[in-house]
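Residue numbers (this note's numbering), protein chains in the order written: chain A, 79 to 325; chain B, 364 to 934; chain C, 17 to 325.
(1) Does chain B have any CB closer than 9 Å to the CB of residue 25 of chain C?
(2) Is residue 277 of chain A close to chain C, meaning its C-beta is less than 9 Å from at least one C-beta of that chain?
(3) Using three-state DSSP, classify residue 247 of chain C as helix, strand or coil.
(4) Buried or exposed: residue 190 of chain C, going by 16 or more other Cβ atoms within 10 Å of its Cβ?
(5) Kindly indicate which three-state DSSP category residue 741 of chain B falls into: helix, strand or coil?
(6) Against chain C, which members of the stretch 487 to 499 of chain B pass a CB distance test of less than 7 Å?
(7) Would you kindly work out how many angstroms separate the C-alpha atoms of residue 176 of chain A and residue 301 of chain A, rounded to a whole number?
(8) Mind the definition here: the stretch 490 to 500 of chain B touches the stretch 431 to 444 of chain B only if three or more C-beta pairs lie below 8 Å; say whether that holds.
(9) Within this structure, are the beta carbons of residue 308 of chain C and residue 323 of chain C separated by less than 9 Å?
(10) When you compare each of C:303, C:35, C:242 and C:193 to residue 221 of chain C by their alpha carbons, which one comes out closest?
(11) Which chain A residues are close to residue 126 of chain C, counting only those with a beta carbon under 7 Å from its beta carbon?
(12) With 7 Å as the C-beta to C-beta threshold (strictly closer), list the residues of the stretch 383 to 410 of chain B near chain C in chain order.
(13) Please confirm if residue 421 of chain B has its CB atom under 9 Å from at least one CB of chain C.
(14) Based on Cα-Cα distance, which residue from B:746, B:550, B:527 and B:533 lies nearest to residue 539 of chain B?
(15) Going by DSSP, name the residue or residues bridged to residue 821 of chain B.
(16) Buried or exposed, going by whether 16 or more other CB atoms sit within 10 Å of the CB of residue 492 of chain B?
(17) Does the beta carbon of residue 69 of chain C come closer than 9 Å to any beta carbon on chain B?
(18) Between residue 384 of chain B and residue 139 of chain C, what straight-line distance do the alpha-carbon atoms span, to the nearest angstrom?
(19) Looking at the secondary structure, which residues open and close the beta strand (DSSP E) in which residue 71 of chain C lies?
(20) Tell me which residues share the same chain as residue 503 of chain B and place their Cβ nearer than 8 Å to its Cβ, disregarding the 5 neighbours each side in the sequence.
(21) Just checking: is the beta-carbon of residue 219 of chain C within a distance shorter than 9 Å of some beta-carbon in chain D?
(22) What ranges does the alpha helix (DSSP H) occupy inside the stretch 246 to 275 of chain A, keeping only unbroken runs of at least 4 residues that lie completely in it?
(23) Determine, using beta-carbon pairs with one atom in the stretch 120 to 131 of chain C and one in the stretch 294 to 313 of chain C, whether at least three such pairs fall under 8 Å.
(24) Verify whether the separation of the beta carbon atoms of residue 243 of chain C and residue 95 of chain C is less than 9 Å.
(25) Please list the terminal residues of the continuous alpha helix (DSSP H) segment that includes residue 224 of chain C.
(26) Please classify residue 90 of chain C: is it buried, with 16 or more other beta-carbons within 10 angstroms of its beta-carbon, or exposed?
(27) So, with DSSP's three-state summary, where would you put residue 230 of chain A?
(28) In chain order, which beta strand (DSSP E) runs of at least 3 residues are fully inside the stretch 67 to 106 of chain C?
(29) Can you tell which of C:305, C:249, C:271 and C:306 has its C-alpha closest to the C-alpha of residue 109 of chain C?
(30) So that I know if they touch, is there some Cβ in chain B lying closer than 9 Å to that of residue 200 of chain C?
(31) Looking only at C-alpha atoms, which of B:676, B:683 and B:740 sits nearest to residue 724 of chain B?
(32) Say whether chain A places a C-beta atom closer than 9 Å to the C-beta of residue 28 of chain C.
(33) Whose C-beta lies closer than 6 Å to the C-beta of residue 861 of chain B among residues of the same chain, with five residues either side of it excluded?
(34) Please confirm whether residue 560 of chain B and residue 474 of chain B have their CB atoms less than 9 Å apart.
(35) For residue 272 of chain C, write down the residues that DSSP places opposite it in a beta bridge.
(36) What does residue 288 of chain C pair with, by DSSP beta-bridge criteria?
Take a look at the structure:
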């Protein structure tokens, strides 16, 4: 075979290859190696409306908790499952432990200036009524602050008092906390302790310093553990969390 | 001016025509490269339309094979300077013709590195933001803006130098020194600058301890001195092979019996020199007294097609000026012979042996019936006493295309030294990382041994280590004076440097991430296709450039010579 | 070199035809290879192609750009947005402080930020990374960003959220080849999404893993678009550009707190004007023992960590 012939065959082969490629390009997938779409997991509890309401807020709203958005966790229309304890009482789910209204809204059950019958056991310890057993008393480290009446006044449930006998309305409970937690209070005043919402520039608009009970359950002030929001999604096959594991 | 422009556009047109001529192997090679380029373009079109999500890169490893190849190609562009330095600073003339090939390689390498940067951009439509004066140029703060300047400057400089040298040669004019020598010297400085600046892209990042390491710059230069000349060695071997006229059995050199001595000659006269001056204008400046002194050793000889004027290996001392017809100069090496020149009226052959007293380096055969002036060494020396003639003859001597084994071995010694320096610098780095074993050694741990069970790069880097050590061992041993072994050593060195300086530097620098996360990276299929496409495009450019440059250097393709047919090769 | 049966002219004509066919089919294949560009939607047009850098826009041009962006948001997301270009306030330099004693690693800040700043949901773009650190070390490589237990905080760990540190000596600003990112007088490092070329040099330069690249066209559900937008802040980003935390510029330049701080349930996050001695951050810098991450990098962050006790 001579050189020209070979050249012609080569060129013919190339022409064929190019012609075959044309429909491949035109009809082939054009998306490329793109990782699959992923449906982001909805992060629950990420609006400021879903945090605790403070005692002051509850009292002002007369127990109205509509500011809280149940449906940031629950599916609208679906009935939540109820868990009951041995006494047949509804046990608040652990996810509700940080919700003040589940336990703290006295006005929801008690009328104002209602007389409460207190019962004592043989050892002179107060018998805590079943309704009040839910919030375990965990204020302070060694259980030294577990007596309800360190702060409550037996015959004035709408008031609280410091250990020195100074009395405050329930909505001013922050002053009660201050009587022991001076350092935190100073920082709270400076804005260093606790949540702040609104405007950093006080001249531009409102600014809200949250009350102690807006974040802390006074009976168990340490924060309850919460479910974390979804972890980052790593679609690439080599990444630390393969996409397949993502719910 | 317009005549110049017309000549130049004719040169470009003829070059394009020449680039489409070749035998079936040439077509197959060009065609396959074009095919790969088209596949790369298709993959890039996908990336352009869909975004860089088509690549394997991610938030943690935001630079991948594109930038790795970019870094490697900038190193290859350094190759030109490796060849320029010995020629212009140390007068190593055996590398003279290599300079053009080296500079062409540099041009192609820069084009490729610019292409790698372009495909890496998330918004290639906004590339103009990087153009100084038009966009907004963060100079001198951003090293990337430095890179834009040095890379484009280097590109322009090298296009000018090789374009100038080739075009002058095409027009049969010797190059004017001050038109290109200053640029050559600037490009030596500049070549170091492009690679140092590219190294500083990495070194300047405080958040990446693996890169933020002062040894990266010197290592870049050392490894460029390895990979650049190694690529030139391989490319030149390819050129030798392709331009070789077939195997020994097919050679067309006539038998020794047809020696010129059998033919009649007559003493030369002044009229013969006048006739020669028509083709060699410089000769007209030589006064008759000088010419008369040359007459005793000069004779006019006529030879028929296929007859041999001089034989490779012989030790006669005569030079030949062509008066009429054409002469092919061929060299036999490694059982192959290559056409190294094709000389016509006004040109000289055989002057090297005549002037240096060495054995003939090639055989000269009459391509057509020829008429030549044969001069003895003494007569030629008398003629060269005239400065004009001296300049002409000496310049042509050094402009010859001569890919000799000696030249390849000179390159070998460059690679030899550089690879030792490179391995030494690598050991320095390894000592610093692993002896202290501080937190910053995490990337090196990941690269060499894997981290937290993630080992994607480990096989790669050990391949590179063995390639580098193997290449170094071969190069240090005398065995690599054999070109086959030298080729093997060069391939090992190139692969070693490509891995070590590309993926082996760019990727582990980002693993673990600045927050200690280990997210690995593997290029996607489309990403690899784009890289292959750019490589194919680069090889295509280099092939076409050589396709035009070689006939020019051989004297087959010139303004005087309309013949654009390729050198016949074995079919 | 031709066969004896045919003339050289005929042979060379045939070779020429073969060459022409190969060349033509090659060029056709090249044109067909560009077919994926069909999927380009509104990638660029002449007006978009030639638009200017944010700092070079005249007030009129800027107003016009804002209108165009609002229009585009309407087209793409069917949302009436208000896009503003807020100027920095005089005498303000923003600083962020984060209390590592208080942070419980709930990642509320991460997701509040995503919603506030119209970040892409798929692919996911998040400005804040929360590291779960084992106690007793600050070696970031021992940290875990993908913890997902039933409840946080977990025993034996502390949590460290990291986002843009708005460095005074910012490597990202230094390396950008086209000045598409810069530091504003109030200390916020911003990105002009219409100028960024997507080279990701800033991503490589950032020691805090704070910059994110849009690997593909961002997608956000229509009902989750935050219509309160700003040019240098949370307006929707195009594909192929880099974005980052900008201290919620659309909120903070109107005097409000950033979204991550608003949502933090434990009050771990503090934000304010360091030039105001009565601001929370000034109190913290004066009274707490603060530190910055990777101080040895010399970046001088405006983001401080501290402990309560």
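For each residue, glycine too, the CB sits at the ideal point set by N, CA and C.
Reading off the structure:
(1) Position 9 of the third chain, counted from the first residue, corresponds to residue 25 of chain C. No, no contact with chain B.
(2) In the first chain, residue 277 of chain A corresponds to position 199, counting from 1. It does; some Cβ of chain C falls within 9 Å.
(3) In the third chain, residue 247 of chain C corresponds to position 231, counting from 1. For residue 247 of chain C, the three-state secondary structure derived from DSSP is coil.
(4) Within the third chain, the letter at position 174 stands for residue 190 of chain C. Result: buried.
(5) If you number the second chain from 1, residue 741 of chain B lands on position 378. Helix at residue 741 of chain B.
(6) Only those residues of the stretch 487 to 499 of chain B whose C-beta falls short of 7 Å from the nearest C-beta of chain C are listed: 488, 489, 490, 492, 493, 498 and 499.
(7) Working through the first chain from its first residue, we reach residue 176 of chain A at position 98. Working through the first chain from its first residue, we reach residue 301 of chain A at position 223. Because the pLDDT of residue 176 of chain A is 44, which lies under 50, any placement of that residue in the model is unreliable, and the number read from its coordinates should be weighed accordingly. Rounded to whole angstroms, residue 176 of chain A to residue 301 of chain A spans 8 Å at the Cα level.
(8) They do not touch, by the three-pair rule.
(9) In the third chain, residue 308 of chain C corresponds to position 292, counting from 1. In the third chain, residue 323 of chain C corresponds to position 307, counting from 1. Not a contact, by the Cβ cut-off of 9 Å.
(10) As a first step, residue 221 of chain C is located in the third chain; it is residue number 205 there, counting from the start. If we check each option's Cα against that of residue 221 of chain C, C:193 comes out closest.
(11) Stepping through the third chain from its first residue, residue 126 of chain C is reached at position 110. Going along chain A in sequence order, the residues near residue 126 of chain C (Cβ under 7 Å) are 307.
(12) If the cut-off is 7 Å between Cβ atoms, the stretch 383 to 410 of chain B has 383, 394, 397, 401, 404, 405, 408 and 409 near chain C.
(13) Indexing the second chain from 1 puts residue 421 of chain B at position 58. It does: the Cβ of residue 421 of chain B has a partner Cβ on chain C nearer than 9 Å.
(14) Position 176 of the second chain holds residue 539 of chain B. Of the candidates B:746, B:550, B:527 and B:533, the one whose C-alpha sits nearest the C-alpha of residue 539 of chain B is B:527.
(15) As a working note, residue 821 of chain B is residue 458 in the second chain. In DSSP, residue 821 of chain B forms no bridge with anything.
(16) For the purposes of this step, residue 492 of chain B is taken as residue 129 along the second chain, with counting starting at 1. Looking at its Cβ environment, which holds 16 or more other Cβ atoms inside 10 Å, residue 492 of chain B is buried.
(17) Translated into the one-based positions of the third chain, residue 69 of chain C becomes position 53. Chain B, which has a Cβ nearer than 9 Å to the Cβ of residue 69 of chain C, makes this yes.
(18) Numbered from 1 along the second chain, position 21 holds the residue referred to as residue 384 of chain B. Numbered from 1 along the third chain, position 123 holds the residue referred to as residue 139 of chain C. Going from the Cα of residue 384 of chain B to the Cα of residue 139 of chain C covers about 50 Å.
(19) The residue labelled residue 71 of chain C in the question sits at position 55 within the third chain. Counted as a single uninterrupted DSSP element, the stretch harbouring residue 71 of chain C is not any beta strand (DSSP E), since DSSP gives it neither H nor E.
(20) Translated into the one-based positions of the second chain, residue 503 of chain B becomes position 140. Only residues of its own chain outside the window of five on either side were considered, and among them 509 have a CB closer than 8 Å to the CB of residue 503 of chain B, listed in chain order.
(21) Note that chain D does not occur in the displayed structure, where the protein chains are A, B and C.
(22) Whole alpha helix (DSSP H) segments, 4+ residues: 251 to 256 and 260 to 268.
(23) Cβ pair count under 8 Å is below three, so no.
(24) Sequence index remark: in the third chain, residue 243 of chain C carries index 227 (1-based). Sequence index remark: in the third chain, residue 95 of chain C carries index 79 (1-based). Cβ distance < 9 Å, so residue 243 of chain C and residue 95 of chain C count as in contact.
(25) For the purposes of this step, residue 224 of chain C is identified with residue 208 of the third chain, where counting begins at 1. Note, residue 224 of chain C: premise wrong, no alpha helix (DSSP H); not H, not E.
(26) Against the third chain, residue 90 of chain C aligns to sequence position 74. By the 10 Å Cβ count, residue 90 of chain C comes out exposed.
(27) Position 152 of the first chain holds residue 230 of chain A. Here residue 230 of chain A sits in strand by DSSP.
(28) Counting whole runs of 3 or more residues, the stretch 67 to 106 of chain C contains the beta strand (DSSP E) stretches 98 to 100.
(29) Position 93 of the third chain holds residue 109 of chain C. The shortest C-alpha to C-alpha distance from residue 109 of chain C to any of C:305, C:249, C:271 and C:306 is the one to C:271.
(30) Within the third chain, residue 200 of chain C is the residue found at index 184, counting from 1. Not closer than 9 Å to any Cβ of chain B, the Cβ of residue 200 of chain C fails to qualify, so no.
(31) Residue 724 of chain B sits at position 361 when you count from the first residue of the second chain. Proximity to residue 724 of chain B across B:676, B:683 and B:740 peaks at B:676, based on C-alpha coordinates.
(32) Locating residue 28 of chain C in the third chain gives position 12, where the first residue counts as 1. Interface criterion met: the Cβ of residue 28 of chain C is under 9 Å from a Cβ in chain A.
(33) Taking the second chain and counting its residues from 1, one reaches residue 861 of chain B at position 498. If you ignore the 5 residues before and after residue 861 of chain B, its C-beta comes within less than 6 Å of the C-beta of 435, all in its own chain and listed in chain order.
(34) Taking the first residue of the second chain as 1, we reach residue 560 of chain B at position 197. Taking the first residue of the second chain as 1, we reach residue 474 of chain B at position 111. Between residue 560 of chain B and residue 474 of chain B, the C-beta gap is not smaller than 9 Å, which leaves the two residues out of contact.
(35) Locating residue 272 of chain C in the third chain gives position 256, where the first residue counts as 1. Paired residue(s): A:277.
(36) In the third chain, residue 288 of chain C corresponds to position 272, counting from 1. In DSSP, residue 288 of chain C forms a bridge with C:111.
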